[in-house]
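Position in the sequence shown (first residue = 1) + 979 = the working numbering.
The beta-carbon is built from N, C-alpha and C at its ideal position, and this holds for glycine as well.
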Amino acid sequence: MDHVSPKKHLGQHFLADPNIARRIVDSLRLPDGVTEVLEIGPGMGVLTGDLLKHSEYRTTVVEIDRESVDYLGRNFPALEGRILSADFLKQDLNKLFPGQPLSIIGNFPYNISSQIFFQVLAHRQQVREVVGMIQKEVADRLAEPPGSKTYGILSVLLQAFYTVEMLFTVPPHVFIPPPKVQSAVVRLTRNDTEHLGCDEKLFFQVVKQAFQTRRKTLRNALKPFGMVPEATTNPVFEKRAEQLGVADFVELTKHIEQHRVIAPPSVNNAKSRREKNVADETEEE
980 MDHVSPKKHL
990 GQHFLADPNI
1000 ARRIVDSLRL
1010 PDGVTEVLEI
1020 GPGMGVLTGD
1030 LLKHSEYRTT
1040 VVEIDRESVD
1050 YLGRNFPALE
1060 GRILSADFLK
1070 QDLNKLFPGQ
1080 PLSIIGNFPY
1090 NISSQIFFQV
1100 LAHRQQVREV
1110 VGMIQKEVAD
1120 RLAEPPGSKT
1130 YGILSVLLQA
1140 FYTVEMLFTV
1150 PPHVFIPPPK
1160 VQSAVVRLTR
1170 NDTEHLGCDE
1180 KLFFQVVKQA
1190 FQTRRKTLRN
1200 ALKPFGMVPE
1210 ATTNPVFEKR
1220 AEQLGVADFV
1230 ELTKHIEQHR
1240 VIAPPSVNNA
1250 KSRREKNVAD
1260 ETEEE
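Written out as structure tokens, the structure is:
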């Protein structure tokens, strides 16, 4: 029988319910101007078959598992020339789809789902939509508003550039092999924000640093940015990262831009060594 064996080290759990597969594919909206669809980790092609029924989609798949690549080549001749045997996390989407807006879909391996979303963020000007099945706990985190213990780094960074929707949950028994967790399908749709109005590289750094020591007040969590004490008298520095929304982090980034102190290299080096011993409260993303 022609099949692919799920591989634990790749986090493979193949969806075996065609009705759920159809529902996931039907969740694609293809924003204006999008015809390119990239499926991540198609496995045995349960989503792929439904994608190929849509003539308006130009479907490409990227798969790291060589056995799956061979299976897809044998069973989906319509994909000829559009099966990428590669690691999605190492791809430059601008080179793969030059000048083309893109929708991404997939039953994402749970062990790299956060990394996939960081890759999406790195290509946020090109990726207009994402429909992904992920661990429900991660899905809850992505869509969470400020104030929750599960609200974190990806919540802020994704919500800065995308509208995040939790679409539906999926039980373990529809997978081969069944995962030990509940799954959920989320949809990310690119919002109208082309630029945050601050140094976006610094924004990412501020958000990550704030949540890596999320139990501390921002005054203590953001010490590595080297602000003079007078610059941290604003009441926002009494708060913790989970209390701030996207707009709050934008304003905080602007404030840090204006008030950070650039120390001599020798001081910076000594300081960075000390700070490696301070980051004792990290957040798993």
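Query - Same chain only: Cβ atoms within 8 angstroms of E1035, ignoring 5 sequence neighbours per side - result: Taking C-beta separations shorter than 8 angstroms and ignoring five residues to either side along the sequence, the partners of E1035 in its chain run L1009 and T1014, following chain order.
**Report entry** F1055 versus Q1161 - alpha carbon distance
**Finding:** F1055 and Q1161: Cα-Cα distance of roughly 30 angstroms.
Requested in this report: Note down, in chain order, each residue of its chain lying with its Cβ closer than 7 angstroms to the Cβ of L1136, except the 5 sequence neighbours on either side.
Outcome: Scanning its chain for C-beta atoms nearer than 7 angstroms, with the 5 sequence neighbours on each side dropped, one finds around L1136 the residues L1100, F1183 and V1186, in chain order.
Query raised in the report: According to the neighbour-count rule (16 or more other Cβ atoms, all chains shown, within 10 Å of its Cβ), is T1172 buried or exposed?
Result: Residue environment: T1172 is assigned as exposed (fewer than 16 neighbouring CB atoms within 10 Å of its CB, all protein chains considered).
Report task. Between the Cα of N1213 and those of P1203, E1221 and D1227, spot the shortest distance and give me the residue it belongs to. Result -> If we check each option's Cα against that of N1213, D1227 comes out closest.
Requested in this report: Pick out whichever of Q1079, P1157 and F1097 has its Cα sitting closest to the Cα of L1017.
Outcome: Nearest option by C-alpha distance: Q1079.
Report task. Please state whether DSSP places G1052 in a helix, a strand or coil. Result -> Collapsing the DSSP output to three states places G1052 in a helix.
Query - Under 9 angstroms between C-beta atoms of V1110 and L1167 - result: Yes, the Cβ-Cβ distance between V1110 and L1167 is below 9 angstroms.
Query raised in the report: Excluding sequence positions up to five away, which residues of its chain have a Cβ less than 8 angstroms from the Cβ of P1151?
Result: Around P1151, the same chain offers P1157, P1158, K1159, V1160, Q1161 and S1162 as residues with beta carbons nearer than 8 angstroms, after the five sequence neighbours per side are excluded.
Report task. Taking the CB atoms as reference points, tell me whether M1145 and I1003 lie closer together than 9 angstroms. Result -> In terms of Cβ geometry, M1145 and I1003 do not form a close pair [threshold 9 angstroms].
Query raised in the report: Is DSSP giving I1062 helix, strand or coil here?
Result: Note: I1062 maps to strand in three-state DSSP.
Query - Among G1022, F1096, S1093 and G1205, nearest to L1063 - alpha-carbon criterion - result: Closest option to L1063, Cα to Cα, is G1022.
Query raised in the report: Any contact of the region 1124 to 1133 with the region 1186 to 1195, i.e. 3+ C-beta pairs under 8 angstroms?
Result: By the Cβ test, the region 1124 to 1133 is in contact with the region 1186 to 1195, since at least three Cβ pairs between them sit closer than 8 angstroms.
Report task. Leaving aside the five residues before and after E1217 along the sequence, list all residues of the same chain whose C-beta is less than 8 angstroms from its C-beta, in chain order. Result -> Within the same chain, E1217 has close Cβ partners T1196, L1197 and R1198.
Query raised in the report: F1147 lies in the beta strand (DSSP E); which residues open and close that run?
Result: First-last of the beta strand (DSSP E) with F1147: Y1141 to V1149.
Query raised in the report: Between the beta-carbon of L1181 and the beta-carbon of T1142, is there less than 9 angstroms?
Result: No, these two residues do not count as a Cβ contact at 9 angstroms.
**Report entry** Rounded distance between the beta-carbons of R1061 and V1040, thought under 8 angstroms
**Finding:** Contact annotation, V1040 with R1061: C-beta distance approximately 7 angstroms; criterion of less than 8 angstroms satisfied.
Report task. For L1031, collect the residues of the same chain with a Cβ closer than 8 angstroms to its Cβ; drop the 5 residues on either side in sequence, then sort them by chain order. Result -> The residues are T1038, F1055, A1057 and L1058.
Query raised in the report: Among the residues of its own chain, which have a CB less than 8 angstroms from the CB of V1240, if the five just before and after it don't count?
Result: Counting only Cβ-Cβ distances below 8 angstroms, and skipping sequence neighbours, we find G1205, M1206 and V1207.
Query raised in the report: Can you find at least 3 beta carbon pairs, one from the region 982 to 992 and one from the region 1080 to 1090, that sit closer than 8 angstroms?
Result: Contact between the region 982 to 992 and the region 1080 to 1090 is present, because at least three Cβ pairs lie under 8 angstroms.
Query raised in the report: Would you report the Cα separation of P1203 and D981, rounded to the nearest angstrom?
Result: Between the alpha carbons of P1203 and D981 lies a gap of roughly 55 angstroms.
Query raised in the report: Which residues does DSSP pair with A1163 in a beta bridge?
Result: DSSP, once it has assigned bridges, lists I1113 and T1148 as partnering A1163.
Query raised in the report: Terminal residues of the continuous alpha helix (DSSP H) containing T1027?
Result: In the DSSP annotation of this structure, the continuous segment of the alpha helix (DSSP H) that includes T1027 starts and ends at V1025 to L1031.
Query - E1221 and S1127 closer than 9 angstroms at C-beta - result: Yes, the Cβ-Cβ distance between E1221 and S1127 is below 9 angstroms.
Query raised in the report: Out of D1071, V1229 and L1051, which has the shortest C-alpha to C-alpha gap to G1020?
Result: With distances taken between Cα atoms, G1020 lies closest to L1051.
Report task. Could you tell me which uninterrupted alpha helix (DSSP H) segments, each at least 4 residues in length, are contained entirely in the region 1167 to 1196, listed from first to last along the chain? Result -> As summarised for the region 1167 to 1196, the continuous alpha helix (DSSP H) elements at least 4 residues long and confined to that stretch are 1179 to 1191, given in chain order.
Query raised in the report: Which ranges does the beta strand (DSSP E) cover as unbroken runs of at least 3 residues, wholly within the region 1065 to 1091, from first to last along the chain?
Result: Those beta strand (DSSP E) runs which fall completely within the region 1065 to 1091 and span 3+ residues are 1081 to 1086.
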